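K.L.:
Protein sequence lines correspond, in order, to chains A and B. Residues 10 to 462 in this note's numbering are what the first sequence spells out, letter by letter. Residues 4 to 393 in this note's numbering are what the second sequence spells out, letter by letter. Got a structure here, written out as structure tokens. Questions coming.
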Amino acid sequence: MSKVIKIKRGLNIPLIGDAEKILQTPPRSAEYAIKPTDFHGLVPKMLVEEGTQVKAGSPLFFDKYNEDVVVTSPVSGTYTRLVRGAKRRIMEVRLVPDQENAYIDFGAESPTEQSRDQIIKKLLKSGLWPYILQRPYSVIANQNQKPRSIFISAFSTVPVAPDMDFVVNGQEEMFQTGLDVLGRLTDDAVHLSIHADETTSKAYTEAKGVEIHSFRGPHPAGNIGIQIHHIEPINKGEVVWYLGVQGVIAIGRLFANGIYDANKIVAHTGSEVLNPRYYRVLNGANITSFTEKNIRKEKDVTPRFISGDVLSGEQIRPDGFIGFYDDQLTVIPEGDKPELLGWLIPSLNKYSVSRTFFSFMMPWKQYRLNTNIRSGERPFVITGLYEKYLPMDIFPMQLIKSVMINDIDMMEKLGIYEVAPEDFALCEFVCPSKIEMQSIIRQGLDVMQKEFS
Amino acid sequence: MKAIHKLIEKTRPHFEKGGRFEKLNRTFDAFETFLAVKGDVTKKGSHIRDAIDMKRTMFHVVIAMIPVLLFGMWNVGYQHYAAIGLEVDFMDQFVFGLLKVLPLIVISYVSGLVVEFIFATIRNHEVNEGFLVSGLLIPLIIPVTTPLWMVAVATIFAVIIGKEVFGGTGMNVLNPALLARAFLFFAYPSYLSGEVWIYTGLQQGQQLVDGFSGATPLAVLATGDIQNLPSVFEMFLGTIPGSIGETSTIAVLLGALVLIATGVGSFRIMISVVAGGLFTGFLFNLFAVNPYMEIPPYYHLVMGGFAFGAVFMATDPVTATQTGSGKYIYGFLIGVITLLIRVLNPAYPEGMMLAILLMNVFAPLIDHYVVQAHIKKRLKRLQNAQVETR
Chain A
10 MSKVIKIKRG LNIPLIGDAE KILQTPPRSA EYAIKPTDFH GLVPKMLVEE
60 GTQVKAGSPL FFDKYNEDVV VTSPVSGTYT RLVRGAKRRI MEVRLVPDQE
110 NAYIDFGAES PTEQSRDQII KKLLKSGLWP YILQRPYSVI ANQNQKPRSI
160 FISAFSTVPV APDMDFVVNG QEEMFQTGLD VLGRLTDDAV HLSIHADETT
210 SKAYTEAKGV EIHSFRGPHP AGNIGIQIHH IEPINKGEVV WYLGVQGVIA
260 IGRLFANGIY DANKIVAHTG SEVLNPRYYR VLNGANITSF TEKNIRKEKD
310 VTPRFISGDV LSGEQIRPDG FIGFYDDQLT VIPEGDKPEL LGWLIPSLNK
360 YSVSRTFFSF MMPWKQYRLN TNIRSGERPF VITGLYEKYL PMDIFPMQLI
410 KSVMINDIDM MEKLGIYEVA PEDFALCEFV CPSKIEMQSI IRQGLDVMQK
460 EFS
Chain B
4 MKAIHKLIEK TRPHFEKGGR FEKLNRTFDA FETFLAVKGD VTKKGSHIRD
54 AIDMKRTMFH VVIAMIPVLL FGMWNVGYQH YAAIGLEVDF MDQFVFGLLK
104 VLPLIVISYV SGLVVEFIFA TIRNHEVNEG FLVSGLLIPL IIPVTTPLWM
154 VAVATIFAVI IGKEVFGGTG MNVLNPALLA RAFLFFAYPS YLSGEVWIYT
204 GLQQGQQLVD GFSGATPLAV LATGDIQNLP SVFEMFLGTI PGSIGETSTI
254 AVLLGALVLI ATGVGSFRIM ISVVAGGLFT GFLFNLFAVN PYMEIPPYYH
304 LVMGGFAFGA VFMATDPVTA TQTGSGKYIY GFLIGVITLL IRVLNPAYPE
354 GMMLAILLMN VFAPLIDHYV VQAHIKKRLK RLQNAQVETR
């Protein structure tokens, strides 16, 4: 506790639209959906037929390549249909809820009385296992491996991030139960990272059975990858597991109450939201239940809905569904209007880290940033920039280039095992050549995983 | 505003697939993006992006070059009238220089951009902005008396051989502007040495003033004629013969300020080039065997193209080293080699161009070793971790 890990490199993007600390429970959505695409690398095989009645916790599909990993329904009702995308890929598994709120009973048990195998089995069966992710590769954890340690980040530093203190409020016990469960999964420690100044909730600061590390610094200090790197970096051959706060809480509820309670708190943020607030919804909820009448309407401005944050989230339709892992629904304006001599004008309303806009003289200013990409993609030209936004002992540009040329040996040497796409989000944001770094890193991780499995 | 958008939209179909000028699609795209930032939105990855782009980055380098450009224009006129012994006012000097320099700039941009557009069309990629800078650098580093056709030939050579054969902007090994200069230097040596630095252009009734030499300070020093060296102040100010943009250290410093303030140019490289130069200068002082080796080290910073090269040439991010510590090594060696060529090599009075080109070639090697050192450090961490777990 006494030692604060200071992250010096990084950037807090000053975006408008922080959520006010008000928690509301919107009416139940008319439809829910699980998106198999949320689980990277998972190939869904359906377990139920269209029209089947399901309860909360009923299995919907499993992973073709790891059959024990199943994804279950967050809600009781009827599995109505599949929505397929290009090449008949399953994009959404749609569910219509009923009024019953029936749960499958997995049995309430104290984690301390259970063996590691029993706990893993229960997590797999209840469909909560996918909450646990692993590095390297940033995919759902492999239940047959033993992780070196487990990491949880109790704060977020992304633009207009949800306040994790507020999220855990009232669920402290469940969080602790979840930590107890995770403690049984590793012989080594469970590491909980908190913010040195902003984390005040006792659920975190007085959490039991974990090693607490405090961090201070700009984004990406809240990213789990950065934290792991500074606490105990991943070396070749090692595997660590990690998960988000709401995943821990869900696991806690499973053991305390014996059910898959898919409730989670979503921060509705961004410049286009009239009243940015927190909403308690079931995972996979249709966002219209809380976005309706809450989006700013302006002529010529189309809003973009992002499940997740503006740096690494996924664009969804205005009537889309919240992603499995996302704590945030951000709405920002599309930047689909051309701008005359836009690259030349010294505008005050544009944000740049380069000091080529006058806005750098107003560090207090907050921005309503849009999605305009500003330029076509170019080869790497500027150097020495990306290092400032990746607070790891990793050469970002060299790593990206090694992925581009598919040099497996070099990727390994330059630290591909430690990173995930989200860690490169800031580099991608600042890149004047507009190189899609997150996709490149994901591609590199896929190549490595294929190579070593 | 709206009219221009409308014009763009109206013209677009002609350049799209099936249109009359389908082949010129890339050219149209280049002009369109120059006129207006397109309404293209992010498709994957980060939804928001920094407002910077390559055009703006390159444009700020151009802004940084404006002081040297303006001073260079004036100096061309100033030197001309001084050489023929005429006293004219400031504006006349500037206008004379403007008229002499402008054609060089136009020729450089036109010939270079034509090549860029042709290659962009053949290769079907967007036109890169790198030449916005190179196109202005080339006229700034040649003597004002260089014939226009020569500028065109050198520019085309530099863009094709220096850049496009490697894959275009971002892939080149050598700085294209310096390559153009080197091409001229070695292909037409008589036009780039001797009394070429001042446009004399004598008309009827005009003659050179007595004692006119027209030699640059470096040429003066190379002949060992130390007494005739201009004062440090003159050299710092830039009222000396030389390539158009290189003479004024103070104008270069203004440019450096812009580059550093906007974060476009690498401060590390600039400072280490200067450090390398001063260091070698001191070494020469210690072991001086001739008057040239005895001159104070800071003289080198204000003479010839040292300042200009350090600020505008060595900092080209594509051809310099790409790693942080590599930049210090790269810059320092440029400073060292420049002075070695200047002082110890009797063949070439100026060493900046060759030093930077040489280090351009070695930059990937320096980077390689920096990256290897980084990998070694990471491997050590792995070994330590394995020892701990045992």
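Ideal Cβ positions, reconstructed from N, Cα and C, are used throughout, including at glycine. All values reported here derive from a predicted model rather than from experimental measurement.
Between Arg52(B) and Arg383(A), is the Cβ-Cβ spacing less than 8 Å?
P.N.:
Yes; because the gap between Cβ atoms is below 8 Å, this pair is in contact.
K.L.:
Assign Gln325(B) to one of three DSSP states: helix, strand, or coil.
P.N.:
Coil.
K.L.:
For the region 334-365 of chain A, list every residue whose C-beta sits within 7 Å of some C-beta in chain B, in sequence order.
P.N.:
From the region 334-365 of chain A, only Ile341, Glu343, Gly344, Asp345, Lys346, Pro347, Glu348, Leu349, Leu350, Gly351, Trp352, Leu353, Lys359, Tyr360, Ser361, Val362, Ser363, Arg364 and Thr365 have a Cβ closer than 7 Å to chain B.
K.L.:
Could you pull the DSSP bridge partners for Gly86(A) from this structure?
P.N.:
Per DSSP, Val63(A) and Pro106(A).
K.L.:
Going by alpha carbons, who is nearest to Leu320(A) out of Ile391(A), Asn266(A) and Val439(A)?
P.N.:
Looking at the Cα atoms, Val439(A) is the closest of the given residues.
K.L.:
Where Met94(B) and Asn348(B) are concerned, what is the direct C-alpha to C-alpha distance, given to the nearest angstrom?
P.N.:
Cα to Cα, the separation comes out at about 40 Å.
K.L.:
What are the uninterrupted segments assigned as beta strand (DSSP E) that are 3 or more residues long and contained completely in the region 415-445 of chain A, given in chain order?
P.N.:
Taking only runs of at least 3 residues, no beta strand (DSSP E) segment lies wholly in the region 415-445 of chain A.
K.L.:
Are the beta-carbon atoms of Gly280(B) and Phe309(B) separated by less than 8 Å?
P.N.:
For Gly280(B) and Phe309(B), yes; Cβs fall inside 8 Å.
K.L.:
If we cut at 8 Å on Cβ distances, does Phe48(A) have a partner in chain D?
P.N.:
The structure shown contains no chain D; its protein chains are A and B.
K.L.:
According to DSSP, which residues form a beta bridge with Thr339(A)?
P.N.:
Paired residues: Thr278(A) and Ile315(A).
K.L.:
Distance check for Phe311(B) and Thr252(B), CA to CA, integer angstroms please.
P.N.:
Taking the straight line from one Cα to the other gives about 7 Å.
K.L.:
Could you tell me whether the Cβ of Gly322(A) comes closer than 8 Å to any Cβ of chain B?
P.N.:
So, interface residue.
K.L.:
Around the C-beta of Asn288(B), are 16 or more other C-beta atoms found within 10 angstroms, so that it is buried, or is it exposed?
P.N.:
Counting Cβ neighbours within 10 Å, Asn288(B) comes out exposed, since fewer than 16 surround it.
K.L.:
Classify Val80(A) as helix, strand or coil using the three-state DSSP reduction.
P.N.:
In this structure, Val80(A) counts as strand in the three-state DSSP scheme.
K.L.:
Cutting at 7 Å between CB atoms, please list the residues of its own chain near Asp189(A), excluding the five before and the five after it.
P.N.:
Excluding positions up to five away in sequence, the list reads Pro120, Thr121 and Gly218.
K.L.:
May I ask you to report which of helix, strand or coil DSSP gives Lys410(A)?
P.N.:
Note: Lys410(A) maps to helix in three-state DSSP.
K.L.:
From which residue to which residue does the alpha helix (DSSP H) around Arg225(A) run?
P.N.:
Note, Arg225(A): premise wrong, no alpha helix (DSSP H); beta strand (DSSP E) at Glu220 to Arg225.
K.L.:
So, is the C-beta of Gln452(A) closer than 8 Å to a C-beta in chain B?
P.N.:
Cβ-Cβ to chain B under 8 Å: no for Gln452(A).
K.L.:
Identify every run of the alpha helix (DSSP H) within the region 196-280 of chain A, keeping only runs that are complete inside it and at least 4 residues long; order them along the chain.
P.N.:
Correct list: 211-214, 233-240 and 254-266.
K.L.:
Which one or two residues does DSSP pair with Asn75(A) in a beta bridge?
P.N.:
For Asn75(A), which the question treats as bridged, DSSP gives the partners Asp72(A).
K.L.:
By Cβ distance below 6 Å, which residues in the same chain neighbour Asp402(A) in space, the five residues on each side in sequence not counted?
P.N.:
Contacts found: none.
K.L.:
Helix, strand or coil: how does DSSP classify Arg393(B) here?
P.N.:
Because the pLDDT of Arg393(B) is 48, which lies under 50, any placement of that residue in the model is unreliable, and the question is left without a value.
K.L.:
So, under 8 Å CB-CB, Leu252(A) and Ile331(A) are touching, yes? Tell me the CB distance rounded to an integer number of Å.
P.N.:
Their Cβ separation, rounded to whole angstroms, is 17 Å, which puts Leu252(A) and Ile331(A) out of contact at 8 Å.
K.L.:
Going by C-alpha distance, which of Ser442(A), Asn379(A), Arg93(A) and Val428(A) is nearest Val390(A)?
P.N.:
Here the closest residue by C-alpha is Ser442(A).
K.L.:
For the structure I just gave you, are there three or more beta carbon pairs, one from the region 207-217 of chain B and one from the region 348-361 of chain B, closer than 8 Å?
P.N.:
The region 207-217 of chain B, when compared against the region 348-361 of chain B, does not touch it at the 8 Å Cβ threshold.
K.L.:
Check whether the region 242-257 of chain B touches the region 34-53 of chain B, taking contact to mean three or more Cβ pairs, one atom from each stretch, closer than 8 Å.
P.N.:
With the cut-off at 8 Å, the region 242-257 of chain B and the region 34-53 of chain B do not touch.
K.L.:
At which residues does the alpha helix (DSSP H) containing Leu291(A) begin and terminate?
P.N.:
Leu291(A) -> not in any alpha helix (DSSP H); beta strand (DSSP E) instead, spanning Arg286 to Leu291.
K.L.:
Can you tell me where the alpha helix (DSSP H) with Ala67(B) in it begins and where it stops?
P.N.:
First-last of the alpha helix (DSSP H) with Ala67(B): Met57 to Ala86.
K.L.:
Could you have a look at Ala366(B) and say whether DSSP puts it in helix, strand or coil?
P.N.:
Ala366(B): helix per DSSP, three-state reduction.
K.L.:
Of all the CB atoms in chain B, is at least one closer than 8 Å to the CB of Leu434(A)?
P.N.:
The residue asked about is misnamed: residue 434(A) is Ala in this sequence, not Leu. Answer yes: the Cβ-Cβ gap between Ala434(A) and chain B drops below 8 Å somewhere.
K.L.:
Give the list of continuous alpha helix (DSSP H) stretches no shorter than 4 residues that lie fully inside the region 122-151 of chain A.
P.N.:
You should have 125-135.
K.L.:
Alpha carbon to alpha carbon, how far is Val104(B) from Met76(B)?
P.N.:
Each residue's Cα considered, the two are about 6 Å apart.
K.L.:
Note down, in chain order, each residue of its chain lying with its Cβ closer than 7 Å to the Cβ of Arg393(B), except the 5 sequence neighbours on either side.
P.N.:
At Arg393(B), the pLDDT of 48 sits below 50, so the modelled position is not reliable; the number obtained from the coordinates is stated separately. Result list for Arg393(B): empty, nothing under 7 Å.
K.L.:
I want to see whether chain B comes within less than 8 Å of Lys308(A), judged by CB atoms only; does it?
P.N.:
No, because no Cβ of chain B sits closer than 8 Å to the Cβ of Lys308(A).
K.L.:
Do the region 86-100 of chain A and the region 122-142 of chain A make contact, defined as three or more Cβ pairs closer than 8 Å?
P.N.:
The region 86-100 of chain A is not in contact with the region 122-142 of chain A.
K.L.:
Closest to Val40(B) by CA distance: which of Ile417(A), Lys346(A), Val52(A) and Glu58(A) is it?
P.N.:
Of the listed residues, the one whose Cα sits closest to Val40(B) is Lys346(A).
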